[in-house]
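Residue numbers (our numbering), protein chains in the order written: chain A, 1419 to 1723; chain B, 974 to 1292.
Before any comments, here is the structure.
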């Protein structure tokens, strides 16, 4: 590998040298040049992709004054860890966090459990009308959520669920969305039938086979489904915005939005960034724990054709 | 094995035939298992769809009962400059953001399409922005792309001498749309990269080698061997990406509130619908707009499916 000559110009110098040498290059040298070029571009791109993460941490730890003084601060003199809790005195973020945790937990459990049950029906049981209903479920992927959103809001209002967490939890218990059902069903198809047949021969009921034989094997894909639901519930803005009006009933994401929208004054930017950073952290932890499974999950999904 | 054969024969039995006990049990169990989603379809999909279609023909302010007004909402929509504008910029957005992030994702995937641990490391880096919650990511970019001299992007560009005064980004209707694309590409290129990588890895090695032996260059190999083989992926992503892009809400809402500021430059259809429904409480009008949107999504999807026969190539010619 050619060593970069220094600083940012490294990659470019590298390329220029390489181009000059190209005519007399052996195959090995040429391959090394290609590798160097590839890594140069990739590194440059990763800097662009990662810069926002550096910037949010940097800004979240500045004093409000630092964030609006030139030259900009590249790293705060004294990192302000107090910024993490400071916004809590301006808005009830503690309660909002609690609401979000309840919603995420309840919606995720419901979505995963019901999606697994439905996926088993669609993937493993044989009955009249199965494929038709599966197609119907898949077709609803095309339906814009806004079409059903307004009537559902009106129904929720009529049954007195406004300003409660129910509208953000209950709908998840009905199969967890077509995508999760599809995902789990697709995974199920890779599991050999013999596994269940052995249990069936022993006289186990269908539900028993599902619970004791299928569920344990499904674990990896259930985590992926849980991720999608939890990620969606945690980051949802429209739902809380419409269903939870008084400040004390908001979710964390809604609070984060309102904080950013109502406190546009520059001096609160470090607070806003620390709140946004906290919103990212659980997601990032979950992502790194589930990473390999998630990426496989995306691949299953691209296999739809 | 034996039961698999049995099952298949069962399915061939004509429907009028009296169901045996086993068949009845199967029917009962099957529908029991899929009952959550069937109930869900009725409660959360078909019921509301029917209601919303009905509302779209009414004037309904939530406080009084809906009043039937026929096609008036639809007529008004097409003469409402706000709606026409929303509609137009949403379509432009879908037509730019989807191909844009697909192309960026593809370029990254092509660079990464090599085995090895370093490549997996880069893959993670590019994918991370895709798992950042929209509100947090948008607020972060709103700060970085601040229209003042304190925004870091302006600061860097000015320090480098590329611009003299700060760019306005989200503060000006002329630049807000393009600034939006920057953060959308950041947040979505990684996801499309993953799908491209899976597609590229499904291209048989021997085909690549054969084309190399035939003396095809990198570009030629890409255009004539790889692209035809991954058309199903292109197709799939185009459809899903388009449906998603037409429904963008949170990003624009964080940046421009329920008016799609500045000057409606971020006033996408879902923002418009939200404003009509939950700002003006014009539920009927909002429902009509939602149905127009649905119709457009349906037509576009069918169009892509229709034309797909001409350009999507499935290995083995099946389906």
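Backbone N, C-alpha and C fix where the C-beta goes; we use that ideal spot for every residue, glycine too.
Helix, strand or coil: how does DSSP classify residue i here?
i	result
residue 1719/A	With a pLDDT of 47 at residue 1719/A, under the threshold of 50, the predicted position of this residue should be treated as unreliable, though the coordinate-derived value follows. Note: residue 1719/A maps to helix in three-state DSSP.
residue 1501/A	helix
residue 1654/A	coil
residue 1046/B	helix
residue 1440/A	Interpretation of residue 1440/A is limited by its pLDDT of 48, a score under 50 that renders its predicted location unreliable; the figure taken from the coordinates is listed afterwards. Helix, per DSSP.
residue 1240/B	coil
residue 1470/A	helix
residue 1641/A	helix
residue 1547/A	coil
residue 1481/A	coil
residue 1492/A	coil
residue 1264/B	helix
residue 1273/B	helix
residue 1246/B	helix
residue 1523/A	helix
residue 1578/A	coil
residue 1607/A	coil
residue 1667/A	helix
residue 1509/A	coil
residue 1597/A	helix
residue 1621/A	coil
residue 992/B	coil
residue 1007/B	coil
residue 1463/A	helix
residue 1281/B	helix
residue 1021/B	helix
residue 1516/A	helix
residue 1585/A	helix
residue 1630/A	helix
residue 1296/B	The structure shown does not extend to residue 1296/B, since chain B is modelled only from 974 through 1292, so no value can be given for it.
residue 1378/A	The requested residue 1378/A does not occur in the structure, where chain A is confined to residues 1419 to 1723.
residue 1476/A	helix
Looking only at DSSP bridge pairs, what is residue i linked to?
i	result
residue 1040/B	1032/B
Among the options, whose alpha-carbon lies nearest the alpha-carbon of residue i?
i	options	result
residue 1712/A	1595/A, 1669/A, 1644/A, 1654/A	1644/A
residue 1158/B	1183/B, 1184/B, 1218/B	1218/B
residue 1230/B	1112/B, 1078/B, 1098/B, 1057/B	1112/B
residue 1693/A	1647/A, 1671/A, 1680/A	1671/A
residue 1542/A	1069/B, 1007/B, 1165/B	1007/B
residue 1210/B	1124/B, 1170/B, 1256/B, 1041/B	1170/B
residue 1602/A	1630/A, 1534/A, 1506/A, 1616/A	1534/A
residue 1012/B	1593/A, 1452/A, 1540/A	1593/A
residue 1021/B	1678/A, 1568/A, 1599/A	1568/A
residue 1257/B	1016/B, 1180/B, 1017/B, 1043/B	1043/B
residue 1464/A	1064/B, 1208/B, 1099/B	1099/B
residue 1488/A	1083/B, 1072/B, 1129/B, 1040/B	1129/B
residue 1293/B	1017/B, 1267/B, 1073/B	Residue 1293/B lies beyond the residue range present for chain B, which begins at 974 and ends at 1292; the question has no answer from this structure.
residue 1588/A	1466/A, 1471/A, 1658/A, 1521/A	1521/A
residue 1176/B	1248/B, 1014/B, 1087/B	1087/B
residue 1249/B	1123/B, 1001/B, 1016/B, 1055/B	1055/B
residue 1654/A	1024/B, 1038/B, 1110/B	1110/B
residue 1536/A	1662/A, 1606/A, 1475/A, 1485/A	1606/A
residue 1125/B	1596/A, 1492/A, 1457/A	1492/A
residue 1078/B	1045/B, 1102/B, 1090/B	1102/B
residue 1414/A	1479/A, 1483/A, 1484/A	Residue 1414/A is absent from the structure shown; chain A starts at 1419 and stops at 1723.
residue 1268/B	1245/B, 1254/B, 1216/B	1216/B
Tell me whether residue i counts as near the ligand MN, meaning its Cβ is closer than 7 Å to at least one heavy atom of that ligand.
i	result
residue 1600/A	The model depicted lacks the ligand MN and carries no ligand whatsoever.
Check: So does the region 1197 to 1210 of chain B actually touch the region 1023 to 1034 of chain B, counting three or more Cβ pairs closer than 8 Å?
Finding: Touching, no.
Check: At a cut of 8 Å, does the region 1136 to 1143 of chain B reach the region 1113 to 1122 of chain B through at least three beta carbon pairs?
Finding: Remark: three or more beta-carbon pairs, one from each stretch, lie closer than 8 Å, so the region 1136 to 1143 of chain B and the region 1113 to 1122 of chain B are flagged as touching.
Item checked: In chain order, each alpha helix (DSSP H) run of at least 4 residues that lies wholly inside the region 1123 to 1171 of chain B -> Runs of the alpha helix (DSSP H) inside the region 1123 to 1171 of chain B: 1125 to 1132.
Check: Would the region 1660 to 1669 of chain A and the region 1513 to 1522 of chain A be scored as touching if the rule is three or more Cβ pairs under 8 Å?
Finding: By the criterion of at least three beta-carbon pairs nearer than 8 Å, the region 1660 to 1669 of chain A is in contact with the region 1513 to 1522 of chain A.
Checklist line | Three or more C-beta pairs below 8 Å linking the region 1261 to 1270 of chain B and the region 1047 to 1059 of chain B | finding: With a cut-off of 8 Å on Cβ pairs, the region 1261 to 1270 of chain B is in contact with the region 1047 to 1059 of chain B, counting three or more such pairs.
Next item on the list: Within the region 1073 to 1121 of chain B, note down every full alpha helix (DSSP H) run reaching 4 residues or more, in order along the chain.
Entry: Runs of the alpha helix (DSSP H) inside the region 1073 to 1121 of chain B: 1090 to 1100, 1107 to 1117.
Item checked: Every unbroken alpha helix (DSSP H) inside the region 1174 to 1243 of chain B [4 residues or more] -> Those alpha helix (DSSP H) runs which fall completely within the region 1174 to 1243 of chain B and span 4+ residues are 1178 to 1186, 1191 to 1194, 1204 to 1219, 1223 to 1229.
Note to self: With three or more beta-carbon pairs closer than 8 Å as the criterion, would you say the region 1499 to 1511 of chain A touches the region 1568 to 1582 of chain A?
What the structure shows: By the Cβ criterion, the region 1499 to 1511 of chain A is not in contact with the region 1568 to 1582 of chain A, since fewer than three pairs of Cβ atoms, one from each stretch, lie closer than 8 Å.
Next item on the list: Determine contact between the region 1628 to 1646 of chain A and the region 1522 to 1530 of chain A, defined as no fewer than three beta-carbon pairs at a distance below 8 Å.
Entry: Enough Cβ pairs lie closer than 8 Å, so yes.
Notebook entry, point to check: If you pair each beta-carbon of the region 1544 to 1561 of chain A with each one of the region 1622 to 1641 of chain A, do three or more pairs fall below 8 Å?
Noted result: The region 1544 to 1561 of chain A is not in contact with the region 1622 to 1641 of chain A.
Next item on the list: Decide yes or no for the touch test of the region 1625 to 1635 of chain A against the region 1554 to 1561 of chain A: beta carbon pairs closer than 8 Å, at least 3 of them.
Entry: Remark: fewer than three beta-carbon pairs, one from each stretch, lie closer than 8 Å, so the region 1625 to 1635 of chain A and the region 1554 to 1561 of chain A are not flagged as touching.
Note to self: Between the region 1129 to 1139 of chain B and the region 1690 to 1704 of chain A, can you find at least three pairs of beta-carbon atoms closer than 8 Å?
What the structure shows: Contact fails between the region 1690 to 1704 of chain A and the region 1129 to 1139 of chain B, because fewer than three Cβ pairs, one in each stretch, are under 8 Å apart.
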